[in-house]
Amino acid sequence: MTCRERLAATLRHEEPDRLCVDFGATPVTGMHVAVVDRLRRAVLGEAEWRVRVCEPFQMLGEIDDRLRAALGIDTLGVYGRTSLLGTDEDGWKPLMLFDGTNVLVPHNFNFTVEPGTGDWLMHPQGDRSVPPSARMPAGGNFFDAIVRQPPIDEDRLDPADNCEEFGLLGPEALVHYAAWRDRLSAGAGAGTVLMMPGTAFGDIALVPAPFLKHPKGIRDIEEWYVSTAIRRDYIRAIFERQLAFAEANLATLAAMLGDLVQVVMVTGTDFGTQSGSFVSIDDYRDLFKPFHAQVNRIIHRTTPWKSFIHSCGSNRDLLPEFIDAGFDIFNPVQCSAARMEPRELKKEFGRQLVFWGGGVDTQKTLAFGSPAEVYREVRERIDIFAPGGGFVFNAVHNVQANVPLANVEAMFRALDDARGIAGRPA
Numbered sequence: 002m003t004c005r006e007r008l009a010a011t012l013r014h015e016e017p018d019r020l021c022v023d024f025g026a027t028p029v030t031g032m033h034v035a036v037v038d039r040l041r042r043a044v045l046g047e048a049e050w051r052v053r054v055c056e057p058f059q060m061l062g063e064i065d066d067r068l069r070a071a072l073g074i075d076t077l078g079v080y081g082r083t084s085l086l087g088t089d090e091d092g093w094k095p096l097m098l099f100d101g102t103n104v105l106v107p108h109n110f111n112f113t114v115e116p117g118t119g120d121w122l123m124h125p126q127g128d129r130s131v132p133p134s135a136r137m138p139a140g141g142n143f144f145d146a147i148v149r150q151p152p153i154d155e156d157r158l159d160p161a162d163n164c165e166e167f168g169l170l171g172p173e174a175l176v177h178y179a180a181w182r183d184r185l186s187a188g189a190g191a192g193t194v195l196m197m198p199g200t201a202f203g204d205i206a207l208v209p210a211p212f213l214k215h216p217k218g219i220r221d222i223e224e225w226y227v228s229t230a231i232r233r234d235y236i237r238a239i240f241e242r243q244l245a246f247a248e249a250n251l252a253t254l255a256a257m258l259g260d261l262v263q264v265v266m267v268t269g270t271d272f273g274t275q276s277g278s279f280v281s282i283d284d285y286r287d288l289f290k291p292f293h294a295q296v297n298r299i300i301h302r303t304t305p306w307k308s309f310i311h312s313c314g315s316n317r318d319l320l321p322e323f324i325d326a327g328f329d330i331f332n333p334v335q336c337s338a339a340r341m342e343p344r345e346l347k348k349e350f351g352r353q354l355v356f357w358g359g360g361v362d363t364q365k366t367l368a369f370g371s372p373a374e375v376y377r378e379v380r381e382r383i384d385i386f387a388p389g390g391g392f393v394f395n396a397v398h399n400v401q402a403n404v405p406l407a408n409v410e411a412m413f414r415a416l417d418d419a420r421g422i423a424g425r426p427a
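Per this note's numbering: the sequence shown ends with 427, consecutive numbering throughout.
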């Protein structure tokens, strides 16, 4: 099977010729650029190669075509033109990270160093004339949003202020997606995932808008969560405006990309915590589900795409709601959270949902376990999730910078052994 055929079989809940694997196709299934750098050197050599930072907020590294082939990765992600920090990929420049890793960052990845702390203060769209929107602590590995919240005047709150980031795809975005269409038409060969812009209702990574120079509306994270309870009509009005743009943009991208895309990432809004659901079933049904269901109806009516939801934490109680809302794929399958036991998930939901993730615990095992423990857990998860199809291997969320190379190699060695691929050194 080709990579594309392998993913297609998996999405049909059929067992492919070998396990389908994703790293790097989405901003929630990637690897920190320092990990990609170490792994690429170990696998391909090329000591002078600099890995591109493809998602600057989390500092995720690009899995380039050669590395994807060498590791047996089946997937490719179609990202938007600009990043969560407002940078674009119109050019690249070198940068050394705090740990000494040499990488390439977007040409407008511009920060200032805070006196006294040494923290990197990132400016939205690389414009140093406006206040910073994100901070990487000195010695850190990724950015945190800086809340830029003017005092809230209840009498002047306008849902339109929280919709500045939503709109119809503009000329530059259309050129960007047309280039992706041409690349995929030429035969990229990978299983393809589209990151759909504007459908992540209430995604807390987007609420502070680190990509906007002067965000208006409710941008403080705590205030946003409070608003879902005390200003629900305001939040619903935002979602309604967001949905109107999303419907139009879905029609545009469906016509442009068609069956070149196999999966569409709809939302990364987290509905779970380590110990339980973050929202009640009633609140999900009232505030979020109607919008999810409408987006998924359009996707399933107008495209062959399968719909992907990312929601961290314990989501056991909400999984039936996600299914009813039309989602086909669930990620990251955080098995360390309460009531997310792998065998029970596979037994109860394995015919209705594709599990995309869950392959190894990133909170403890991958970062702090031994290579033998990593190998064992990967094989156990494959044995649980792979039978009958409907499983795309990925770690539980992104592989972080502190993961030892030996553990990453152990993960891929376990994958190779499970897939019958010989030759990766122990």
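Ideal placement from N, C-alpha and C gives every residue a C-beta, glycine not left out.
Buried or exposed (CB count within 10 angstroms, at least 16 for buried), residue i
i: A139; result: exposed
i: S228; result: buried
i: F369; result: exposed
i: Q275; result: exposed
i: R41; result: buried
i: K347; result: buried
i: K290; result: buried
i: G92; result: exposed
i: G327; result: buried
i: T3; result: exposed
i: D66; result: exposed
i: A423; result: exposed
i: G188; result: exposed
C-beta contact flag for residue i and residue j at 8 Å
i: G168; j: T76; result: no
i: P343; j: H311; result: no
i: W181; j: V208; result: no
i: V361; j: V397; result: yes
i: G421; j: R136; result: no
i: E6; j: R82; result: no
i: L258; j: L195; result: yes
i: P125; j: P198; result: no
i: L254; j: F292; result: no
i: L251; j: I299; result: yes
i: P132; j: T113; result: no
i: G73; j: D38; result: no
i: M60; j: N142; result: yes
i: C336; j: G314; result: no
i: V267; j: T366; result: no
i: G127; j: T88; result: yes
i: L288; j: I239; result: no
Distance between residue j and residue i (C-alpha atoms, nearest Å)
i: A415; j: V265; result: 28 Å
i: L68; j: L406; result: 15 Å
i: A35; j: D234; result: 43 Å
i: T304; j: A373; result: 43 Å
i: L320; j: R352; result: 13 Å
i: I231; j: E165; result: 22 Å
i: E248; j: R184; result: 25 Å
i: A411; j: V148; result: 39 Å
i: D325; j: G101; result: 47 Å
Whole-number beta carbon distance between residue j and residue i, since they are thought to touch under 8 Å
i: S308; j: I330; result: 7 Å
i: P17; j: A26; result: So it is not a contact: roughly 16 Å between Cβ atoms.
i: V106; j: L122; result: Rounded, the Cβ-Cβ distance is 15 Å, inconsistent with contact.
i: F202; j: T270; result: 6 Å
i: P57; j: L12; result: That pair is no contact at about 30 Å.
i: A70; j: V44; result: The pair is not a contact, with the Cβ atoms about 10 Å apart (cut-off 8 Å).
i: I219; j: N163; result: 6 Å
Counting only runs of 4+ residues fully inside the stretch 108-191, write out the alpha helix (DSSP H) ranges in chain order.
172-186
Let me know the alpha helix (DSSP H) ranges lying completely inside the stretch 201-269, each 4 residues or longer, listed in chain order.
222-231 and 233-258
Output the residue ranges of the beta strand (DSSP E) runs that lie fully inside the stretch 314-384 and measure 3 residues or longer, sorted by chain position.
330-332 and 355-357
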